[in-house]
Every structure is written in C-alpha cells, then in structure tokens.
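Residues in the sequence shown are numbered consecutively from 1, following UniProt numbering.
Report on the following structure.
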Amino acid sequence: MEGQTGQLFYLAVALPFVAAILAPSVHKLLGRFSAYALALFPAVAFALIFAVSEQIQGREIFLFGFDWVPTFDVRFSFRLDGLSYAFALLILGIGALVVLYSGGYLSKSDKLGRFYSYIFLFMGAMLGLVLADDLMTLFIFWELTSITSFLLIGFQHEREAARRGAIQALVITGAGALALLAGFVLIRATTGLTSVSELIDQPRAIYDSGAYGPILVLLLAGAFTKSAQMPFHVWLPNAMEAPTPVSAYLHSATMVKAGIYLLMRFFPVMGETVMWEVALVTAGSITMVIGAILALRQADVKLMLAYTTVASLGLLVLLIGIGSELALEAAVLYVVAHSLAKACLFMVAGSVDHGAGTRDIRALGGLARTMPYTFAAALLGAAAMGGLPPLFGFLAKEEVYAAAFQAGPLPYAGAMTLVTLVGNCFMFATVLVVAWKPFVGTLPSGLRRAHETSFLVWAPPLLLGVVGLLAGLFSQVTHQFISNPMVPPSLDEAVAITIAVGFHFGAPLVLSVVTIVVGILLYMRSKDARARIASVLTTIGWGPDRGFDQFIRGLIVASAAITNFLQPGRLDYYMRMTFIVIIGLLWVTMISTGGLPSMPEWPMLYFYEWMLLGILVLGVVVVAVAPNRLAAMLSLGIQGLAVALLFLLLGAPDLSFTQFMVEILSVAILALVMTRLRLQPADRRPWREVAPELLLAALGGAGLALFLISVTQTTMDTTLSDFYTRYSYVIAHGRNIVNVILVDFRAVDTFGEIAVVLTTGAAILALVRIRVSKKDRHGVKKKKRPAVEAQP
C-alpha cells in the first residue's frame, strides 16, 4: 500500500508511541485536563483505521512496510485485514476510554504522567502485534507487550505483591514468547516463508514441512501463556495488583486476547487437525471450568473478575479448537462481547473501590443509592457478561451454545455442551455477585461515606455498557462493521453472521434459560459455595501459584549451587575447567564426526630447523625442572621466541616481529604481576596432584596438534584471501595485506584490542604501585595485606 493511505496507516501505528513520549509533558502542562487531550491520540488512530471500513467489509487486504534487515529477509511490515482491523478497533476504542478513566482514577497520583506513558506504550505494542505481517515484527511487538505489562503491573512497585505479580507475568509470558520465537524461526527454516500473508497464501506449507508437530507445540506455548490457559493462568489473577485501569485494559480487553488473536490468525494454516483440536479443546475445557469455579470462590471483586476472564479465555480457546464455521463465528462474537463487558466491569470495580474504600464483596452492600451511575454500568456489564437479552453478550452466548451443541457426534457434542454450560453457570453467578450484591440491601455502617466518584471514573464504564446494549439492539450494523470482517479468512467469503436479538426456540435458548436459573441458584448460595470450594483447595494444598514460587526458589538454589561449583574463587580451578572444556570439544568433535586426520610423513628438516625444534624442547624441559617459579616463568618465553623464529624462517617478518614484541611484553607483565607472590619456592607437589595436570596437558597438546593437522588436510577456500589480495591496494591503497587487514578492514577489531591492552596495562600499573610497609625486625617485608600464595 503506497501513497497517502499508507502514510495514514503509519501515522495510526505511530500515534500511541508519540503519545507515550508526550504524555508526561502534556500532563504537567494541562493537569486534570490532560486525560481529554491524551485520549485524542487513540481516538484519531481509531478514526484512521475505521476510515477503510468499507474496503475491509469487501475483504480487501492492505499491506504496508519496508525492508528492515534485508540480509535475513526481515521486513517491518503490517497487514490490515478483517481480523486485525477488528482487534485494532477494540484496542484503540477501549484504550481511549481507559485513558479517560485513568485521569479520574489516578487523579491524585504524582506518577500519573509516567502511567500514561506506560499505557500508551502498551497500546502501541498491542496495535503493532495485531497489525504485524512479518513474523519477526510480530514477535518484537509480542515481546514488547510483555515488557510494558511488566511495567504496568508493577507500577506500584513499593508493594511486594505488585512486584511479585509483575515478575510472575514477565517470567511466564516471557518464556512463552521465547517458545513462540523458536516456532517462528522453525517456520522460516522449514517453509522459507517469513510473513503471515505468505503463510495464508500457502496454507499447506506448514503441513508439508515435516515440522508441523514441533511448530504447533511452540506456537501453542506462546498463545497459552499469553492467554492464561491452565496451568499458566496464575499470572493473570496476581496481575490484579496493578491499578484498576491496567486490569480493565490489559487483562480483559487486550493483552490476554493476544493469544486468542494468534490462534485465530494461524487457524487457516494450522487448524483442523487432530493435534490442534485435541490440544485446544482439552486446554480450553479445563481452563473454562476450573476458572469459572475459582471465580466464585474469591471475595475480592477484581479477583472474581480475573478468574472469569480466565474462564472466558478458556471458552475462546475451546471454540477455536472445535474449529467449525459456527464455532469460529461464536468466538468472534464472544471476543467483542467479552472485551466490552469485562472492561466495563473492571472499571466498575475500580469505581466501587474508590467510592466505598473496599473491594471485599463481604463488606459491600446498599451502594445503589449513593453510586447510581456505577450501579447502572454494573448492571449493563453483568447483563452482557451473563448473556441476557438484548445485549450483545446474549448473541454471543446463544452462538456459543449452538456451536457446542452441533460440535460433532452426540458424545462429543454432549461433552462440549456440558463444559460450556457448567462454565457459563458459574460465570453468571459470579457476575451477579459482582454487579448486584454490592449495590442492593442495607448500606453497612462502615460505608456511610460511600459516594459516586468523578465523572471520568463512572462515565467510561457506563459508556461501555451502553455500547454493549446498542451493539445488541443494532446487531446487523455491528456484524457489518465488526463481526463479519473478523471471521478468519479460511471460511468462505460468503459466510455472514446474521444472528439478532429475538425469540428463536431451540437448544441454545433452553441452555440459556438453564444457565440463568442455575446461575441465580448459585448466587443465592454463593457464600456456602465459596466455603466449599475453599475447603477443597485447602485439602489439595498445592496449586500452580505455589508451584511457581517453588520453581523460582528451586531455580535460585540450583543457580547458586552451580555458581559455587563453577566459581569457587580459585584460579587453578578456573584454568583446569577451561582446559577440560577445550580438550573435550576438540576430541569429542573430531571422534564423533570422523575428523581425525591421517598422519603425515615426517618431513626432511634442515639443520637450523632441527636447532629450532631443539630450542622448543629445551624450553619445555627448563620449565619443568626450573628451581623456582621465577625461573620457570622466564623460561616460558623460550617457547614464544622459538615461535617467532619459526615465523621468520617461513618468510613472515612482520608476524615474527609482532610475536617477539608480544612475548617480551608478556614475560615483562608476568614478572611485574608476580612480584606480589613468593616466587622463590619451587612447585613441589605430590605426583597424585601433578599427574592429572600432566594428562590434561598431553591431551590438550595432542588434540590441538591433530586439529591443526586436520585443518591443513582440508581443501583451502581462498575466497577471503582472494578478496583481500584483490582489494587491499585498490580500496585501502596498501601493499602490505596484513597491515591493511588490521588497519582498514578490521579497524574496529584492532581498536578494541588496543583498548583491551590499555585497560590491562592500567590494571597492572595499579597492582605494581601497591605500597608495602618497611621490613619488620626479622628482615622480612610485611605487607599491608596478607601475602598471596601462588595456587598450585
């Protein structure tokens, strides 16, 4: 997509990030009016995306981007189709209301400007995620959502619970992101395809790659951790330690939907297989039922809503796993309905907390008279979440039951229907507790001062509730602009969602009535149900949340043990382990790959070559029999000087000169450093300590020699040599190829080596200049610090 249209889409993607940069300054300048100004950024981006609604309804696809890392075929590219369009509108529309809500909810916070920056960064990351076309671009934005959510969850970092929730979310979703990255890399490696568009155009590519199983596991790991499927769900309830605007945005309408978006996006290229269906249906069913039951067990309003979010995400995964046309339509409707209803209810929870000073459902009641607007928003949100007509949630629930009832053969359809029925009954009871119990009955004496908070706190949830009502009443308009474009492209383009509010007798209606009746009964017995569920959980005594703490504790203990083993503080141990690893790599690699060389014939040597060989042997003998450590250290220089002579005889005077300088400098540095050690005693250790090191030395020398021989026996690739020979004079104007390589072609490397030498020299100078005290009365120099013994 080129021209003005493409520029407008770039602007839409960039606006949240621009807002993140400007937010602190805007808040400082405008104060309490900053929320209105900042909400314009997502509102304008919403308008830019919505402007192509007509083309999106006609299944037109917009592609825009540019080459990012051409060497690795990575593009910074985006795809705007019906699926990404609908998610983008939810992200920006609800995001604008969350910005307004934050201005009222956190009006007294001195960190509100920073909070705005974080929320806009997250908004931009989610928008980039759903629009991304290139797989690597998708991963970048995917990981950015994890990082920004970490900042938002831990916003009140002075509280330990907030820090724990942020770390837990980062660890779990970050691990899933790494798995997702591995899956994308495997897709690129096995199919040669690098973007979502290419995969959709070739839907059989992953099936035919031979790596469908591993790719599926890796992608599901990313989706399940992000969308809080059991047992990875624990991060979402603990993330409720974040301020309520974060809960309303990240953990109901956007971030947790990222995994759902990924599954919908990859359904055309990976769905409708036995592995896909079994994995998604199993995970979704377990997550929905357990999440819904745990929701009723909570007493904190935000935790109750958090667990219903877990259950709802399980339902969405279940529907995508079923994969029928009806199930995918139900998933589309439920995504929209759940996003509107849950964002509304979370904002209601924040309003209640602000106005009444508590979120404990056991301490709430009678708030309808003092908080009428919040009560109205709560009723609308609960009705939508519970699937009551004429709200949009009713259409979603009817379609869910129709999809489950027609999922397949009778046993399978019966199981799916039972799972959805149980989950919906518990969720309906939970939202009744949240939206009805705090507002009816007698106002407790401790809540006499409860009051309706500012306009920015009660208006956004009320508006979301009204939108859910209007979306149901005018369902055909909603389907035209949102639902139909959102249906995955694998379905026939002629498929259209037509369900509307009205009486249509059948299994879905019967199941809806059962849900309402059972939900009301559970609501009436919610106190007893809460106690029974708590008793069962106490009996079990273990869960994923506690397991996470045990895992982190075990990880820390294991890390400390490994560190203590590998880093005991002894130089001789470090040297020994280094040589063991090098020797192991040399020998194992050569033996396992059949890389042992054939032994060459002994060459005819000239007398001076025999002399050079004798010097090398003499140096080894002198080091071994040296009377003290100083003599042994100086004798090491014989080896380096012999190598320098070898370079000279082979016609490399520059290299020989460099070797001479390096060897002299090395001996000088060693001599200076070793002045702090007692060098007179010789190294006289028992053979049981010397023998292992002799063996290591022999294996290391033999392994390196065999490796060098094998290198000389391979075919020489002269590509690089020819390049330097051809261009050293032409480009760098130098005839000495070695110097040109060091100074021009590898100038940065040479500069780095010079910096290392200078740093080392400075450290040595500091060591040499350490002051020592005068001789003691026995004539032995006493140092201010204990003498350092040379390690054997």
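Glycine included, every Cβ here is placed at the ideal spot set by N, Cα and C.
Hey, how far is the Cα of residue i from the Cα of residue j?
i: W458; j: A23; result: 23 Å
i: P42; j: E452; result: 27 Å
i: I56; j: I741; result: 56 Å
i: S324; j: F455; result: 44 Å
i: V466; j: A47; result: 20 Å
i: A631; j: L641; result: 16 Å
i: A189; j: R553; result: 36 Å
i: G734; j: V643; result: 27 Å
i: F232; j: L180; result: 15 Å
i: L605; j: A705; result: 19 Å
i: I731; j: A211; result: 46 Å
i: M416; j: V510; result: 16 Å
i: Q406; j: M288; result: 19 Å
i: L650; j: F76; result: 52 Å
i: S285; j: S475; result: 28 Å
i: G271; j: F548; result: 31 Å
i: G213; j: M275; result: 8 Å
i: V757; j: L665; result: 11 Å
i: V667; j: L634; result: 6 Å
i: W687; j: L696; result: 14 Å
With distances taken between CB atoms, is the gap from residue i to residue j smaller than 8 Å?
i: L262; j: L219; result: yes
i: L135; j: I187; result: yes
i: V301; j: V98; result: no
i: G700; j: I582; result: yes
i: A292; j: G423; result: yes
i: V352; j: L367; result: yes
i: Y105; j: H354; result: yes
i: L30; j: A37; result: yes
i: K226; j: G174; result: no
i: A331; j: L313; result: no
i: L340; j: L236; result: no
i: T308; j: M230; result: no
i: V130; j: F87; result: yes
i: K397; j: S512; result: yes
Below 6 Å CB to CB, which residues in the same chain sit around residue i once its five sequence neighbours on both sides are set aside?
i: R530; result: R297
i: C425; result: T515, V518, G519
i: F150; result: A166, L170
i: L586; result: G703, F707
i: P389; result: V501
i: L391; result: A383, A384, G468, L469, G472
i: L144; result: A125
i: F660; result: A644
i: S728; result: G734, I737, V740
i: L670; result: M633
Could you check where the alpha helix (DSSP H) with residue i kicks off and where it finishes?
i: G321; result: 301–322
i: D353; result: 325–356
i: D133; result: Where D133 is concerned, there is no enclosing alpha helix (DSSP H), given that its DSSP letter is neither H nor E.
i: Q639; result: 629–649
i: G165; result: 160–191
i: Y608; result: 607–625
i: D722; result: 719–732
i: G700; result: 687–712
i: I49; result: 34–50
Between which two residues does the beta strand (DSSP E) holding residue i run?
i: L63; result: 62–69
i: L199; result: Segment 196–201 is the alpha helix (DSSP H) holding L199; no beta strand (DSSP E) there.
i: R79; result: 74–80
Near residue i, which residues of its chain fall below 8 Å by C-beta distance, leaving aside the five closest residues on each side in sequence?
i: P786; result: Because the pLDDT at P786 is just 44, under 50, the model does not fix this residue reliably, and the point stays unresolved.
i: R359; result: D300, V301, K302, A349, V352, D353
Output needed for residue i: all residues of its chain with C-beta closer than 7 Å, excluding positions within five of it in sequence on either side, in chain order.
i: L462; result: Y373, A376, A377
i: G595; result: T589, S710
i: M123; result: P16, P42, I91, G95
i: A403; result: L319, I322, S324, L326, A327, A330
i: R777; result: Reliability fails at R777, whose pLDDT of 44 lies under 50, so the model's placement of it is uncertain and no value is given.
i: Y523; result: A429, L432, V433
i: G619; result: S635, I638, Q639, A642
Complete alpha helix (DSSP H) runs within the stretch 538–594 (minimum length 4 residues, chain order):
Those alpha helix (DSSP H) runs which fall completely within the stretch 538–594 and span 4+ residues are 544–566, 571–592.
List, from N- to C-terminal side, the alpha helix (DSSP H) runs of 4 residues or more that fit wholly inside the stretch 417–482.
455–473, 475–478
Let me know the alpha helix (DSSP H) ranges lying completely inside the stretch 217–278, each 4 residues or longer, listed in chain order.
Fully enclosed alpha helix (DSSP H) runs of 4 or longer: 235–238, 244–250, 257–270.
Ranges of the beta strand (DSSP E) found wholly within the stretch 358–397, counting only runs of at least 3
none
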